[in-house]
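Contents: one structure, followed by commentary.
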Amino acid sequence: MSDTILEIKDLVVHYVTDRTTVRAVNGISISLERGESLGLVGETGAGKTTTALSIMQLIPDPPGRIVSGEIRYEGEDLVAMSPARKREIRGNQVSMIFQDPMTALNPVLTVGDQIAEVVRLHQKISRAKATVKAQEMLELVGIPGERYPEYPHQFSGGMKQRVVIAMALACDPKLLIADEPTTALDVTIQDQVLDLIEKLMTGSGTSLILITHDLGVVAEICQKAAIMYAGEIVEYGTLPHIYQNTQHPYTVGLFGSVPNLNEDVDRLRPIKGLMPDPTEVPAGCVFAPRCPEASAECSAAPAPVVEVEPGHFVKCHKRRGGGSK
Amino acid sequence: MSDTVSMKKRGQFKETWRRFTKNKGAVIGLGFIALLAVCALIPSVIAPYGFDDQLLSRRFQSPSGAHLFGTDEYGRDIFSRVVYGCRISLTLGLVSVTISCALGIVLGCVAGYYGKVADNVIMRVIDVMLSIPNILLAVSIVAALGTSFFNLMLAIGIGAVPGYARVVRAAILSVKEQEYIEAARSNGASDLRIIVSHIVPNCMAPIIVQATMSIASAVLSAAGMSFIGLGIMPPTPEWGSMLSSGRAYIRDYWYVVTFPGLAIMLTVFSINLLGDGLRDALDPRLKS
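Chains A and B are the protein sequences, given in the same order. Residue 124 is where the first sequence starts when you use this note's numbering, and the numbers rise one by one after that. Residue 158 is where the second sequence starts when you use this note's numbering, and the numbers rise one by one after that.
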């Protein structure tokens with residue numbers, strides 16, 4: 124744990140409206156080392172994007188509010204930082220790839236100018252040099268540099284996502300947050316984009332937080348995974364921990380709902396029920412209402428975090444005595 | 158490299174131009190405005206007489222080869238005065254629109270982007286301004302500042318600010334929620350930069366349309382102001398004041414008011430045609 128780049132401690136984010144309070148993120152803790160990549164997995168509404176936006180300090184306020192907790196980037200608390208310092212860090216040291224490349228690019232600026240803008244925001248270099256840098260970035264993501272003066276609508280979806288990646292990586296960030304970078308793309312392009320991200324990450328020393336609902340994607344790219352459910356991290360560990368020694372009933376359920384080529388089953392086994400309404404989070408374990416193993420104690424008190432093996436954390440009453448095989 | 162840049166830019170422009178030229182009315186409007194612009198630039202070449210060449214012996218001559226639109230009560234050639242009048246009307250339209258456009262964009266941006274208190278304060282002031290009839294506002298401003306060409310432009314410009322502020326604010330409200338604005342923010346861009354280089358360019362289409370349309374109403378208000386004697390002072394040939402002074406002779410000499418009136422009507426009409434054409438050409442929803 125010597126070279127920690129990002130450390131989130133007990134982060135709580137609420138969206139407060141006149142009538143209700145949406146508890147989007149309820150006390151999550153993550154730590155990420157230099158060069159490490161973490162997969163953040165969970166269903167829609169689990170709080171993945173809110174987590175990412177709080178790292179970027181881009182939670183829309185109002186209604187969003189970071190209620191408590193700290194986000195330390197290289198030891199500096201991002202929550203308490205001045206707006207000017209935040210701007211220095213954004214795009215330069217921490218950058219983000221958005222979910223939908225169709226809307227993440229400004230339609231009236233050329234793609235090259237948009238990449239060059241990021242460079243010029245953070246490095247004191249001339250327009251000409253920024254142009255050259257932007258062309259290099261385009262080449263790096265596999266787009267010919269001559270397409271610099273073209274507009275986003277002249278690119279296909281997959282290419283737009285490459286442009287977004289080029290923008291995010293233009294200043295060699297130390298931390299890259301990819302918010303479902305492949306969700307809006309079709310399967311073959313997904314593969315290309317993932318390969319590209321993987322290629323660019325290797326050896327660059329950049330840490331990655333990959334947000335997805337696809338366990339397969341995490342298996343391909345990440346070293347660690349955190350499973351999120353209703354604003355909490357229910358299971359956290361390295362890939363072997365999560366994939367080979369699955370502990371939390373929710374994670375088990377997730378794997379059960381993925382089609383498997385090697386197993387012959389007639390039906391997938393989806394997790395019964397729906398995620399709890401984030402305005403009324405259950406008092407006990409958040410997963411208790413849907414959990415096949417739930418008992419009375421589960422709905423009585425919040426689940427404790429149990430370290431079932433070194434570095435493998437599970438938030439579950441039933442695992443208190445250590446992991447089950 | 159720079160070659161490709163200019164080529165692509167021309168490509169975009171060409172596309173808009175192609176859509177624009179499909180609209181016959183808009184092209185006619187543009188043609189007429191081009192004609193007016195030529196008149197405004199080189200009136201001395203086009204007009205056969207000076208705008209204040211008086212000769213009482215030839216007063217009230219009917220339209221003829223020598224005096225296309227006839228002559229007025231001082232024997233001045235009406236055609237020449239209409240031609241010289243272009244300069245006043247077009248300058249006034251452009252300058253007052255520039256004034257209102259600049260003010261309106263700034264106010265609209267602040268209101269739309271920052272929202273909350275800023276939005277409330279600015280938009281309520283705008284509402285108050287909207288409740289004052291434009292001509293009354295312009296009359297009060299000119300009365301307070303004194304009658305001059307610049308004050309007239311300022312008065313008309315200020316009257317048009319609310320329209321811009323509303324259009325710009327509405328456009329910004331829809332653009333600022335777009336993901337690319339959030340992406341720009343995630344890249345570390347400051348508020349000013351986001352407004353200037355990401356939001357405003359995306360709001361240009363409604364602003365251009367609003368600007369074109371309000372040139373027409375500026376020309377009209379200027380004519381109105383001159384008609385009631387608070388605008389351009391004689392002998393400067395202004396269409397509105399020509400109407401005003403010709404009004405007394407309307408029963409006997411129809412051409413004294415008809416031609417300046419036609420000039421105003423055709424100018425406003427063609428600017429409106431042009432504005433409609435531009436709106437259709439720039440509207441992204443109609444892009445094929």
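Using N, Cα and C, we set each Cβ at its ideal position, and we do this for glycine too.
Among the options, which residue has its Cα nearest to the Cα of residue i?
i, options, result
"A/Leu-362", "A/Gly-376, A/Glu-343 and A/Ala-353", "A/Glu-343"
"B/Leu-381", "B/Ala-312, B/Asp-437, B/Trp-174 and B/Gly-227", "One point to set straight first is that residue 381 of chain B is Gly, not Leu, in the sequence displayed. The shortest Cα separation from B/Gly-381 among B/Ala-312, B/Asp-437, B/Trp-174 and B/Gly-227 belongs to B/Ala-312."
"B/Leu-387", "B/Tyr-406, B/Arg-342 and B/Leu-293", "B/Leu-293"
"A/Ala-353", "A/Ile-128, A/Leu-129, A/Ile-131 and A/Val-136", "A/Val-136"
"A/Ala-147", "A/Glu-156, A/Ser-177, A/Ser-160 and A/Ile-128", "A/Ser-177"
"B/Ile-262", "B/Met-361, B/Pro-417 and B/Trp-411", "B/Met-361"
"A/Thr-172", "A/Gly-187, A/Lys-132, A/Met-204 and A/Val-241", "A/Gly-187"
"A/Pro-224", "A/Glu-303, A/Lys-209 and A/Ala-293", "A/Glu-303"
"A/Cys-408", "A/Lys-441, A/Pro-433, A/Thr-325 and A/Thr-167", "A/Lys-441"
"B/Ile-428", "B/Met-399, B/Ile-365 and B/Arg-404", "B/Ile-365"
"A/Ile-300", "A/Arg-390, A/Ala-291, A/Leu-308 and A/Gln-315", "A/Ala-291"
"B/Ala-328", "B/Ser-305, B/Gln-367, B/Arg-216 and B/Asp-234", "B/Gln-367"
"A/Arg-142", "A/Asp-389, A/Arg-390, A/Glu-262 and A/Thr-402", "A/Thr-402"
"A/Tyr-366", "A/Val-341, A/Phe-221, A/Leu-319 and A/Gln-246", "A/Val-341"
"A/Ala-467", "A/Gly-198, A/Asn-385, A/Val-255 and A/Thr-226", "For chain A, the structure presents residues 124 to 448; residue 467 of chain A sits outside this window and is missing."
"B/Ser-343", "A/Ile-238, A/Ala-424 and A/Leu-397", "A/Ile-238"
"A/Glu-156", "A/Asp-126, A/Ile-131, A/Ala-169 and A/Thr-174", "A/Asp-126"
"A/Phe-221", "A/Pro-405, A/Ile-248, A/Ile-332 and A/Asp-400", "A/Ile-332"
"B/Gly-345", "A/Ala-227, A/Asp-314, A/Ile-194 and A/Arg-243", "A/Arg-243"
"B/Asp-234", "B/Met-422, B/Val-413, B/Leu-309 and B/Val-376", "B/Val-413"
"A/Thr-335", "A/Ala-203, A/Ile-350, A/Val-381 and A/Gln-180", "A/Ile-350"
"A/Tyr-373", "A/Lys-247, A/Lys-395, A/Gln-246 and A/Asn-385", "A/Lys-395"
"B/Met-390", "B/Asp-276, B/Ala-183, B/Ile-256 and B/Ser-305", "B/Ser-305"
"A/Tyr-274", "A/Met-260, A/Arg-285 and A/Leu-228", "A/Leu-228"
"B/Ser-288", "B/Gly-316, B/Gly-303 and B/Tyr-321", "B/Gly-316"
"B/Ile-421", "B/Arg-408, B/Asp-409, B/Ser-257 and B/Ser-383", "B/Ser-383"
Apart from the five residues on each side of it in sequence, which residues of its chain come closer than 6 Å, Cβ to Cβ, to residue i?
i, result
"A/His-371", "Val-357, Glu-358, Val-437 and Cys-439"
"A/Ile-182", "Leu-176"
"B/Ile-279", "Leu-264 and Ala-268"
"A/Gln-258", "Gly-268 and Tyr-271"
"B/Met-286", "Pro-319"
"A/Tyr-196", "Leu-129"
"B/Ala-340", "none"
"A/Glu-321", "Ile-344"
"A/Ala-209", "Correcting the residue identity first, residue 209 of chain A is Lys in this sequence and not Ala. Within the same chain, A/Lys-209 has close Cβ partners Gln-180."
"B/His-224", "Gln-218 and Asp-234"
Suppose the cutoff is 7 Å on Cβ atoms and the five residues either side in sequence are ignored; what does the same chain contact list for residue i look like?
i, result
"A/Gln-346", "Glu-159, Ser-160, Thr-361 and Leu-362"
"B/Thr-393", "Ile-245"
"A/Ser-191", "Asp-133 and Val-135"
"B/Leu-213", "Tyr-231 and Gly-232"
"A/Gly-170", "Ala-147, Val-148, Met-351 and Gly-354"
"B/Asp-160", "Here the model assigns B/Asp-160 a pLDDT of 45, short of 50, so the residue's position is not dependable and the matter cannot be decided."
Go through its chain and collect everything with a Cβ distance to residue i's Cβ below 8 Å, but skip five positions before and after it.
i, result
"B/Arg-216", "Thr-228, Asp-229, Glu-230, Tyr-231 and Gly-232"
"B/Ile-125", "No answer is possible for residue 125 of chain B: it lies beyond the span of chain B, which begins at 158 and ends at 445."
"A/Gln-315", "Gly-281"
"B/Thr-173", "Ala-438 and Leu-439"
Does the ligand FAD have a heavy atom nearer than 7 Å to the CB of residue i?
i, result
"B/Ala-259", "With respect to the ligand FAD, the structure shown offers nothing to examine, as it has no ligands at all."
Could you list the residues in the stretch 291-312 of chain B with a C-beta less than 7 Å from some C-beta on chain A, going in chain order? none
Only counting runs of 4 or more residues, tell me where the alpha helix (DSSP H) segments fall wholly within the stretch 225-275 of chain B, in order along the chain. 235-271
With 8 Å as the limit, tell me which residues of the stretch 354-367 of chain B have their beta carbon closer than that to any beta carbon of chain A; keep them in chain order. Ser-354, His-355, Pro-358, Asn-359 and Met-361
Going along the chain, which unbroken runs of the alpha helix (DSSP H) with 4 or more residues stay wholly within the stretch 271-349 of chain B? 273-287, 291-302, 306-332 and 336-343
Could you please tell me which residues of the stretch 228-241 of chain A, in chain order, have their CB closer than 8 Å to any CB of chain B? Leu-228, Asn-229, Pro-230, Val-231, Leu-232, Thr-233, Glu-240 and Val-241
Ignoring anything shorter than 3 residues, give me the beta strand (DSSP E) runs that lie fully in the stretch 257-332 of chain A, in order along the chain. 298-302
Residues in the stretch 172-201 of chain A having any Cβ partner in chain B nearer than 7 Å: Met-179 and Leu-181
So, do the stretch 294-303 of chain B and the stretch 233-246 of chain B have three or more beta carbon pairs nearer to each other than 8 Å? no
I'd like the ranges of any alpha helix (DSSP H) spanning at least 4 consecutive residues and lying wholly in the stretch 414-447 of chain A. 419-423
Positions along the stretch 371-401 of chain B whose CB lies within less than 8 Å of some CB in chain A: none
Sufficient close CB pairs (3 or more, under 8 Å) joining the stretch 203-217 of chain A to the stretch 143-159 of chain A: no
Cβ-based contacts, 9 Å cut-off: residues of the stretch 318-342 of chain B near chain A: Gln-335, Glu-336, Tyr-337, Ile-338, Glu-339, Ala-340, Ala-341 and Arg-342
3 or more residues per run - each beta strand (DSSP E) lying fully within the stretch 333-374 of chain A: 347-352 and 355-361
Counting Cβ pairs closer than 8 Å, one from the stretch 429-439 of chain B and one from the stretch 175-186 of chain B, do we hit at least three? yes
Tell me, please, whether the stretch 242-253 of chain B touches the stretch 219-234 of chain B by the rule of three or more beta-carbon pairs shorter than 8 Å. no
If the cut-off is 7 Å on Cβ atoms, which residues from the stretch 244-277 of chain B count as contacting chain A, listed in chain order? none
Kindly provide the ranges of any alpha helix (DSSP H) runs that are 4 or more residues long and lie completely inside the stretch 363-428 of chain B, ordered along the chain. 396-403
Enumerated in chain order, which unbroken segments of the beta strand (DSSP E) with a length of 3 residues or greater are wholly contained in the stretch 153-234 of chain A? 160-164, 187-196 and 217-220
Output needed in chain order: residues of the stretch 253-267 of chain A with a Cβ under 7 Å from some Cβ in chain B. none
Where in the stretch 191-227 of chain B do unbroken runs of the alpha helix (DSSP H), each at least 4 residues long, occur, reported from the N-terminal end onward? 200-203
For the stretch 333-351 of chain A, list every residue whose C-beta sits within 9 Å of some C-beta in chain B, in sequence order. none
Interface positions of the stretch 133-151 of chain A facing chain B (Cβ-Cβ less than 9 Å), listed along the chain: none
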